[in-house]
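Residue numbers (the working numbering): 2 to 122.
Even glycine gets a Cβ: it sits at the ideal position worked out from N, Cα and C.
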Amino acid sequence: MIQSSLYAALGTFKPTILATKDAKEALEALQVWRFFSPHTPVFVLPDLRAHYLDDMRAFSSELKELLSTLGRFYTSLRSDPNTKLLAPLSALLHPYLVPNSYKVFVLLVWRATPYKSYKKN
2 MIQSSLYAAL
12 GTFKPTILAT
22 KDAKEALEAL
32 QVWRFFSPHT
42 PVFVLPDLRA
52 HYLDDMRAFS
62 SELKELLSTL
72 GRFYTSLRSD
82 PNTKLLAPLS
92 ALLHPYLVPN
102 SYKVFVLLVW
112 RATPYKSYKK
122 N
């Protein structure tokens with residue numbers, strides 16, 4: 002059902018995020034999007050099954066995948082404003098980091114730094 006509805010709305014769809022019922026529906030929407038608009042960058046958030054007060058160690062791989070997808074989405078959004086995010090509703094119910102938290106940085110190893118630069122004034 003979502004495929005035909007998405008096809009009908011594809012030409013006029015302006016929002017950045019499309020919420021779907023579950024991960025299966027998000028993947029179906031991704032197939033439609035890639036078929037009819039192959040040059041638009043589209044990212045799909047994975048389902049996050051964690052709930053309040055759950056031990057997050059059990060969900061570490063899912064959380065890592067979700068955060069890396071969000072990072073790639075925000076990076077792509079800076080260069081292409083037509084970037085879209087398809088997300089299952091369960092993944093949108095949790096608060097996530099703001100886009101400024103996904104900035105890329107470089108660590109320089111074995112670089113000499115003067116001791117005086119660490120002192121407080």
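Can you tell me whether residue i is buried or exposed, with buried defined as 16 or more other CB within 10 angstroms of its CB?
{"i": "M2", "result": "Any reading at M2 needs caution, since the residue's pLDDT is 48, under 50, leaving its predicted position unreliable; the model's value is listed next. Burial call: exposed."}
{"i": "L85", "result": "Looking at the sequence itself, residue 85 is Lys, so the reference to Leu does not match. Per the 10 Å Cβ criterion, buried."}
{"i": "E66", "result": "exposed"}
{"i": "F74", "result": "buried"}
{"i": "V110", "result": "exposed"}
{"i": "K27", "result": "According to the sequence as given, residue 27 is Ala; it is not Lys. Buried."}
Give me the DSSP bridge partner(s) of residue i.
{"i": "L86", "result": "I18, F44"}
Could you say which of the options lies nearest to residue i if we only look at CA atoms?
{"i": "S80", "options": "Q32, L19, K22, T41", "result": "T41"}
{"i": "L94", "options": "T17, F14, K22, K15", "result": "K22"}
{"i": "F44", "options": "A51, L64, Y53, G72", "result": "G72"}
{"i": "T1", "options": "L78, D55, P115", "result": "Residue 1 is absent from the model: the chain starts at 2 and stops at 122."}
{"i": "K134", "options": "A113, P82, T114, S118", "result": "This structure does not reach residue 134, given that the chain is present from 2 up to 122, and the question cannot be answered."}
Quick one: measure Cβ to Cβ for residue i and residue j, integer angstroms, because I've assumed they're closer than 8 angstroms.
{"i": "D48", "j": "A92", "result": "6 angstroms"}
{"i": "A88", "j": "L46", "result": "4 angstroms"}
{"i": "M57", "j": "L68", "result": "No, M57 and L68 are not in contact; Cβ-Cβ is about 12 angstroms, not under 8 angstroms."}
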